[in-house]
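Visitor: Below are the C-alpha cells for one structure; questions will follow.
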Amino acid sequence: MRAQAHTLESFVAALLVVSVVLFAVQSTAVTPLSASTSNQHIENQQGTVANNLLTVSAADGTLRRAVTYYDESRFEGATDQGFYANGGPPNAFGRALNETFGDERVAFNVAVRYHLVNTTGPVGEVRMVYMGKPSDNAAGATKTISLYDDTPLSSRPTTVSEAADEGSFYAADVSPDSKLFNVLEVHIVVWRM
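This is how it looks when you write it as C-alpha cells:
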C-alpha cells in the first residue's frame, strides 16, 4: 500500500511540474521586436532625427551657411580630399551634427547635390562629411535649399555668384537670367557604428 501511495505521489508531482512548464511557456510574451524589426525601428528613428536636424538647420539658416562654407576647392578647414572626416564642419551645422549623432555613436555622411547648367535634376555632388561606407542598416534624409546670386559665402567676403565666376565654388549659376543661383539638396546618411 505504501508503494502505491509513493507511485501516485510521484505521478501527481510530475503532472504538476509539466503543468507549470506548459503554463510558463504559454504565458511568455513574444514581442514584435525581433532582430529585423528592431533594426528597422532604429533606422526609422535615426532617419527621423536626421530629417528634423535638416529641417531645423534650414529654418535657422545654419544649413545655408554650412553649404557656403567653401574656400576655392574644398569646404573651409576640410581634409585634402575636400571633406570633413572626423565629424561635422567647424560651424553651427557641424556642432548640431556632432551633438546629435556623434555623442550617440552614430556615424554620418553629408553630401551636397547641385544642378548643372542645362539639366533637370541634381547631378553634381560634393561631399561635406564622409565617415565611411554606410552599413546595411543606414537611414537617410534630404533637404532642398535655394541659393541666390547674392547669397554670401560664409567662409570669405564674396557671394556665391562671384565665387562661381572665379571658378572657386562647386556649383554653377544655373539660371543666369534670374536671381536664382542654384538649388541644392543636402543629403545625410546615418548608421550605428
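Residue numbering for the sequence shown follows our numbering, starting at -3 and increasing by one per position. Every residue gets a Cβ at the ideal spot worked out from N, C-alpha and C, and that includes glycine. All values derive from a computational prediction rather than experimental measurement.
For G84, does the count of other Cβ atoms within 10 angstroms reach 16, so buried, or fall short, so exposed?
Guide: With 16 or more Cβ atoms within 10 Å of its Cβ, G84 is classed as buried.
Visitor: Using the three-state DSSP reduction, which class does E95 fall into: helix, strand or coil?
Guide: In the structure shown, E95 sits in a helix (DSSP, three-state: H, G or I).
Visitor: Judging by CA-CA distance, which residue of E100, V106 and V179 is the nearest neighbour of Q41?
Guide: Here the closest residue by C-alpha is E100.
Visitor: Tell me the DSSP secondary structure of A55 in three-state form.
Guide: Residue state, collapsed to three classes: helix.
Visitor: Measuring alpha carbon to alpha carbon, tell me which residue in N82, T116 and I38 is nearest V170.
Guide: Per the Cα distances, T116.
Visitor: Helix or strand or just coil, what does DSSP make of G128?
Guide: Coil.
Visitor: Can you tell me which residues form a DSSP beta bridge with P148?
Guide: DSSP lists T155 as partners of P148.
Visitor: What does a CB cutoff of less than 7 angstroms around Y126 pick up in its chain, not counting 5 residues either side in sequence?
Guide: Closer than 7 angstroms at the Cβ level, and outside the excluded window around Y126, lie F79, A81 and N105.
Visitor: Quick one: is G90 buried, meaning 16 or more other Cβ sit within 10 Å of its Cβ, or exposed?
Guide: By the neighbour-count rule (16 or more Cβ atoms within 10 Å), G90 is buried.
Visitor: If you draw a straight line from the alpha carbon of F97 to that of V113, how long is it in whole angstroms?
Guide: Going from the Cα of F97 to the Cα of V113 covers about 35 angstroms.
Visitor: Helix, strand or coil for D67 per DSSP?
Guide: In this structure, D67 counts as strand in the three-state DSSP scheme.
Visitor: Using the Cβ count rule (16 or more neighbours within 10 Å means buried), how would you classify L4?
Guide: Burial call: exposed.
Visitor: Assign L29 to buried or exposed, taking buried as 16 or more other Cβ atoms, counted over all protein chains shown, within 10 Å of its Cβ.
Guide: Confidence at L29 is low in this model, with a pLDDT of 47, below 50, so the placement of that residue should be treated as unreliable; the coordinate-derived value is given next. L29 should be labelled exposed.
Visitor: Relative to the C-alpha of F177, which residue among Y110, H183 and I38 is closest?
Guide: When only C-alpha atoms are compared, the closest one is Y110.
Visitor: Just curious, the beta strand (DSSP E) that R188 is in, first and last residue?
Guide: L176 to R188 is the span of the beta strand (DSSP E), which, as asked, contains R188.
Visitor: Can you find the residues in the same chain that come closer than 6 angstroms, C-beta to C-beta, to S142, ignoring five residues on each side of it along the sequence?
Guide: For S142, where only same-chain residues beyond five positions count, the Cβ hits under 6 angstroms are V179.
Visitor: Buried or exposed, going by whether 16 or more other CB atoms sit within 10 Å of the CB of A55?
Guide: Its Cβ having fewer than 16 others within 10 Å, A55 is exposed.
Visitor: Exposed or buried, what is A159 when buried is set at 16 or more other beta-carbons lying within 10 Å of its beta-carbon?
Guide: A159 is buried by the Cβ-count criterion.
Visitor: Need the endpoints of the beta strand (DSSP E) that V102 sits in, please.
Guide: Residues V102 to H111.
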